Each structure stands twice: as C-alpha cells, then as structure tokens.
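In the numbering used here, the protein residues as written are 5 to 562.
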Amino acid sequence: MHKLDKLKSFSGRTGPLLLIIMDGIGLGKEDDGNAVFLAKPKTLQKLTAECTEKKLFCSLKAHGPAVGLLSENDMGNSEVGHNALGAGQIIDQGAKLVSASIKTKAIFQTEIWEKLTKRALTKNSTVHLIGLLSDGNVHSNLAQLVSLVDGFATATIQKLRVHILTDGRDVPAHSALDFIRPLESKLEEMNSKYSDLNYDYRIASGGGRMQVTMDRYESDWKIVQRGWNAHVRGIIEDEELIQGYNGYYKSAEEAVTHARKCFPNRNDQTLPPFVIIDKKGEPVGKILDDDLVVNFNFRGDRAIQITKAFEDEDFDKFNRVVFPHVDYVGLMQYDGDKFIPKQYLVTPPDIKDILSDYCCSNGITSFAIAETHKFGHVTYFWNGNRSGYVCEKQEEFVEIHSEPNEMIPVHPEMKAEEVKDRIIEALRSNKFKFIRVNFANGDMVGHTGLIDAAVKSVKIVDNCLESLIDVINELNGITIITADHGNCDDMKFKDGKTKTAHSLNPVGFWIVDKNWKGEYEINPKVNEPGLSNVASTVLNLLGFEKPEKYRESLLLFK
5 MHKLDKLKSF SGRTGPLLLI IMDGIGLGKE DDGNAVFLAK PKTLQKLTAE CTEKKLFCSL
65 KAHGPAVGLL SENDMGNSEV GHNALGAGQI IDQGAKLVSA SIKTKAIFQT EIWEKLTKRA
125 LTKNSTVHLI GLLSDGNVHS NLAQLVSLVD GFATATIQKL RVHILTDGRD VPAHSALDFI
185 RPLESKLEEM NSKYSDLNYD YRIASGGGRM QVTMDRYESD WKIVQRGWNA HVRGIIEDEE
245 LIQGYNGYYK SAEEAVTHAR KCFPNRNDQT LPPFVIIDKK GEPVGKILDD DLVVNFNFRG
305 DRAIQITKAF EDEDFDKFNR VVFPHVDYVG LMQYDGDKFI PKQYLVTPPD IKDILSDYCC
365 SNGITSFAIA ETHKFGHVTY FWNGNRSGYV CEKQEEFVEI HSEPNEMIPV HPEMKAEEVK
425 DRIIEALRSN KFKFIRVNFA NGDMVGHTGL IDAAVKSVKI VDNCLESLID VINELNGITI
485 ITADHGNCDD MKFKDGKTKT AHSLNPVGFW IVDKNWKGEY EINPKVNEPG LSNVASTVLN
545 LLGFEKPEKY RESLLLFK
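Written out as structure tokens, the structure reads:
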C-alpha cells in the first residue's frame, strides 16, 4: 500500500539523512526583538550564505492555512507544525474543525451532546468547563468557550462553572484580565437573561497554565495536582500561600491582580492556583459526583494528564483524595490510540499515509529524538497523532529527560548537548537511514520572554548544528535544517513590551550536502512552499518518488 518508486535521477547518498527541527527559531526582522539576529549564529549565517548561492535555501510558511489553521492571523505551533512535517499534507486542525462545527451548530446536534446535557438535567448536575482562557488559537479559543456557554444555556443547564488557566504564553504576557473581563460579562449576561430560571454561571477556580493543570509528557505531575486541588477539591495547598498570597478570592480579577502584586516577577503563565469563594468563604465550584466536566482545549498535549486524573480508576500519579464520578468529555479526543478521553464533542483530524508509513514499507530505518518538552512532537504529532511506533523493528525513539520548567530561564542550554551526543551515537551506529531531531531551546526559552536567555539558546543550538553537520559530512550523508514555527525571532511588540507568543514569521529550510554536484536545487516554482512540502523533499533526498497525494517536493532535479 505504501510502496514507493525509486527516483530515476537521484538515488540518495550512501550516508544517512538528518532532519534538524530548530523549534521556535524563525526568520524575523533584524531588530532588537529578534534573538536569532542578536545571537549572530555563525553556523546558520555561514549556511545561509552557502546554501543561498547553491540554491539550496528557501523560506517556508509555518502558520495559518499553510498548517491547517483558520486564517493568516493564526500563529503556527509545534503540534500543527509536526503534523504538517510528518504528514506531507495540509491537515485541517483542531481550531478549524471546532470552529466549523460551532458555526454550523453541528456540535450541539450530536448524540453525545444530547446524551450529556440530558443526563446533567436529569441529575440536576453542575457543568464545569476547564481550559486555557485565551484567543491564541494554539490550545483553545475564547470564542469557542463563549459558544459552549451559549450552548449549555440554550440546553437549560442552570448551574455552570468555568475553571480558567491564564495564558501569557500564546498571547501577551500580562493579558489575563483582557480575557477574564469579557468572560465575566458573558456569564453575568447569562444569569440576567435567564434570571427567571435561576441560572448561576460563574468562574470557580484557576491559575497560570505552566503552574496549574496543563503539564504535558508527564514532565511534572505537581502541576496537574495543583489544578486538581483547585478545580475539584476547592483547596489551595499551604505551600502556595507565600509572600502574602491568599489563594482564595471573591473573583478571578481579584485573584490575578493580587497574585501579580505578590509575585511581581511572574507573568500570567506562572500565576499560582486560586479558588473563588462565596460570602461564607466556601468554594463556589467544587466538582462533585454526577457533574459534567468539559475540557474546552482542542489541542491534546496539555490536556491529556488532567484527563487521566478524571478518567483513570487506578490513577497513581498523586493522591487525588477525592475521585468524583463525573461525565468527562473533551472538546476533541486528545489521543486516538489510547482513547483519551473516552468521550469527545468534535472528531479530530484523521491523518493517514504519513511519512513514517512510507519509511516502514520501503525499508527506511528511522530514529527520532528530543528532550521531554518536545518528545511528543517528534514522535506522536509527527506520526499523525498516533502513539507508539509505526513499525517497531525499523524505528527507535529516544527521550532525553528535561529539567522542570522553572529551570529554563537559568539554563537556556536545556538538554541540547545531551540530545546532540545521542544523535551522534545513533549516526555512527549505521543502523538508521533517516534521523529526525527537535531542539526545544528556541521555543521553550522564547516563551519566557527573556531575550538574553533566548540569545544564549540560539547560540547553543547553532553549536549543535555545527557538530552534527560535521558528522553527517564525514558519513557522506545529507542534513536538512528547518523549524516548526517562529518564536524567539519576534520577542518584542512595537511598543517595546515583551512578547512571549509564537511569531507569524516563516521558517528557514537549508540543505547541506557535501557531495552535491548540482544534481538538484530548490524549485522556485513551488506555490507557497510550507512545512507540508518537507516530507516529499525528504523522500526525494532518500532516492524515492513522492506519494501522489503528498504536496510537491521543494526540489527540482536536473
């Protein structure tokens, strides 16, 4: 099914093909907000000059419709970027699928919606909405949350609670109140509009996304435990109550405002957990038996662990203390192979015929590596949102364990050196024909908003490039360098304020081939080249024709 024809004009090199993904390192304006420019990365600068002269360099679109998102204003991210890189196709992504389902109201006409709302009404249950309060369109979308609130109101759900995670990462660093205030207004509008039915819609708890609930790849279960305690139990642990921070507040705005005073060096993504209390000092939104819990994030990586805490009977990552029996539903299914969650409102994209399918069917052995922060991207998302191996006998995945998030600003080198050393070991083993790696530094450090640290992170990745290219050249292989999206290339707004979100900039694409004798070059006629053109290009450089359904290769063979 996935057999490929050999290229007649090019049979590949005798050595391996290495694809390096510099996460979050895009092509931005040369100014004081561009950590890539400020770093003056000697390897990248040298390669750009050499590859441009040979016509082996181009830029790729990594945002908006080019990666399956709604509009040109939608920044790319590591999930959609690796989907596009590994699938060879443009895949309609979660944000687009959910928005379409809401626009047509199809989401409110499904069997699962009818079943859940009917059960909630029958049991007089509270509906709880948990997710990232943001319009960044990376994990969630405020407009989609508002539509869900409208949907539950129309379904005559009387009691609804929202548990919010503040962003400060995919949106401006201190913008939480810009989302809390309109949400509060919407909830008040529902209470007023349906006052005759005694509607009671409120925010119940929250905290910063990197401190509360939204851990990924099991990096730090304490983050999820803070969320469980706040959302489900309505408590804040004593260890959070420092520097005058109370933990319990009458409103979300009061909580965020006071947290900023207590922790002036934190931005919205690292705010501590909080619980909203009533006039009697009681939590307004504990999650109880028979309640309905909806995770309104459409992206899976930071929704999976809290989902496990709600769904797994034999959960052992932390002491939940209480385990309410609830109906739990995701906006989408976050892991189709492991059925996480079991119930979901919108069907996720069905990604078939990925690059790994073709590698497996054509005897191309492969090796994938990243540190924990991006390991899921270079494996799960690369493989079309599939868990595990496509063909275990021909693949090997290696995860280098990351340090906790709070160490990133002071250790911008992260685990780049360890990742590099393990790649070299894999290259010299002569076991693998295709190696892919993600260096997480540019993105993870870029999200801190600390330009000096980001500059260091770019230099570290640049040094790793030099070492890896030397080994590939020695082995008579080919190196491809690109990125999944921009970030540290655009770290300041026009007014000089810190920017922590991804950029809308294109990313670079470099081919380094020591044995190149002009057999191929970048095809200038490729229409709007993007990340989804890379898979065909990889197959060409391995000596194979691209699959018919894939987007065209970036290469023109002579």
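Backbone N, C-alpha and C define an ideal beta-carbon position, used for all residues, glycine too.
Computed from a prediction, not measured in an experiment: that's the story for all the values here.
Please state the DSSP three-state secondary structure of residue i.
i: Asn491; result: coil
i: Trp386; result: coil
i: Lys163; result: strand
i: Ser15; result: coil
i: Ala374; result: strand
i: Phe183; result: helix
i: Glu396; result: coil
i: Tyr253; result: strand
i: Val84; result: helix
i: Thr170; result: strand
i: Tyr348; result: strand
i: Phe112; result: helix
i: Gly340; result: coil
i: Thr158; result: helix
i: Asn126; result: Note on identity: in this sequence residue 126 is Thr, with Asn being the wrong assignment. Correct three-state label for Thr126: helix.
i: Lys10; result: strand
i: Leu74; result: coil
i: Leu508; result: coil
i: Leu559; result: strand
i: Phe548; result: strand
i: Leu245; result: coil
i: His403; result: Here residue 403 is Glu; the residue named in the question, His, does not match the sequence. Correct three-state label for Glu403: strand.
i: Thr502; result: strand
i: Lys190; result: helix
i: Lys496; result: strand
i: Met5; result: coil
i: Thr369; result: coil
i: Gly90; result: helix
i: Asn141; result: coil
Which residues mark the beginning and the end of the alpha helix (DSSP H) in which residue i is found?
i: Asn544; result: Val538 to Leu545
i: Cys55; result: Lys46 to Lys58
i: Ile106; result: Gly98 to Lys107
i: Leu31; result: Segment: none, Leu31 is in no alpha helix (DSSP H) and carries neither H nor E.
i: Leu535; result: Where Leu535 is concerned, there is no enclosing alpha helix (DSSP H), given that its DSSP letter is neither H nor E.
i: Phe41; result: Ala39 to Ala43
i: Asp361; result: Leu359 to Ser365
On the DSSP letters alone, give me the boundaries of the beta strand (DSSP E) that residue i sits inside.
i: Ile515; result: Val511 to Asp517
i: Ile24; result: Leu21 to Met26
i: His132; result: Val131 to Leu137
i: Tyr524; result: Tyr524 to Ile526
i: Ser63; result: Phe61 to Leu64
Could you check how far apart the C-beta atoms of residue i and residue j are, in whole angstroms? I think they sit under 8 Å.
i: Val423; j: Ile476; result: The Cβ separation is near 15 Å, so there is no contact.
i: Leu335; j: Gly90; result: About 23 Å; that fails the 8 Å criterion.
i: Gly231; j: Gly211; result: 7 Å
i: Trp514; j: Ile485; result: 4 Å
i: Thr170; j: Leu201; result: Their Cβ separation, rounded to whole angstroms, is 31 Å, which puts Thr170 and Leu201 out of contact at 8 Å.
i: Glu549; j: Leu8; result: 6 Å
i: Leu535; j: Ala99; result: Between Ala99 and Leu535 the Cβ distance is about 17 Å, and since that is not below 8 Å, they are no contact.
i: Pro533; j: Leu558; result: 6 Å
i: Ala208; j: Val166; result: 7 Å
i: Ala66; j: His451; result: No, Ala66 and His451 are not in contact; Cβ-Cβ is about 16 Å, not under 8 Å.
i: Asn453; j: Met495; result: The sequence given here places Gly at residue 453; Asn does not occur at that position. Confirmed, about 7 Å.
i: Asp294; j: Pro551; result: Going by Cβ atoms, the distance from Asp294 to Pro551 rounds to 49 Å, so no, they are not a contact pair.
i: Gly30; j: Ala487; result: 6 Å
Does any residue of chain C bring its CB to less than 8 Å from the CB of residue i?
i: Trp514; result: This model lacks chain C altogether, as it is built from one protein chain only.
Q | Contact between the stretch 58-70 and the stretch 324-333 (3+ Cβ pairs under 8 Å) | A | no
Q. Can you list the beta strand (DSSP E) stretches of 3 or more residues lying completely in the stretch 273-338, in chain order?
A. 278-280, 296-299 and 331-336
Q: Counting only runs of 3+ residues fully inside the stretch 420-489, write out the beta strand (DSSP E) ranges in chain order.
A: 438-443 and 482-486
Q. Counting pairs of Cβ atoms below 8 Å between the stretch 439-448 and the stretch 243-259, do you hit three or more?
A. no
Q) Is the number of C-beta pairs between the stretch 496-503 and the stretch 175-182 that are closer than 8 Å three or more? A) yes
Q) Between the stretch 422-442 and the stretch 359-378, do three or more beta carbon pairs fall short of 8 Å? A) yes
(Q) Pairs of beta-carbons, one from the stretch 542-553 and one from the stretch 13-30, closer than 8 Å: are there three or more? (A) yes
Q | Cβ contact (3+ pairs, closer than 8 Å) linking the stretch 348-358 and the stretch 316-325 | A | no
Q) Taking the runs of the beta strand (DSSP E) that are 3 residues or longer, which of them lie wholly in the stretch 203-231? A) 204-212
Q | Segment contact, 8 Å Cβ cut-off, at least three pairs: the stretch 399-414 with the stretch 465-474 | A | no
**Q.** Touching by the beta-carbon criterion (3+ pairs, under 8 Å), the stretch 236-247 and the stretch 278-291
**A.** yes
Q) Can at least three beta-carbon pairs, one atom from the stretch 48-60 and one from the stretch 71-83, be found at a separation below 8 Å? A) no
Q) Is the stretch 295-305 in contact with the stretch 142-154, if contact means three or more CB pairs nearer than 8 Å? A) yes
Q.
Using a Cβ distance threshold of 8 Å, determine whether the stretch 117-134 contacts the stretch 152-159, with at least three qualifying pairs required.
A. Output reads yes: the stretch 152-159 touches the stretch 117-134.
Q) For the stretch 384-397 against the stretch 414-422, are there 3 or more C-beta pairs whose distance is under 8 Å? A) no
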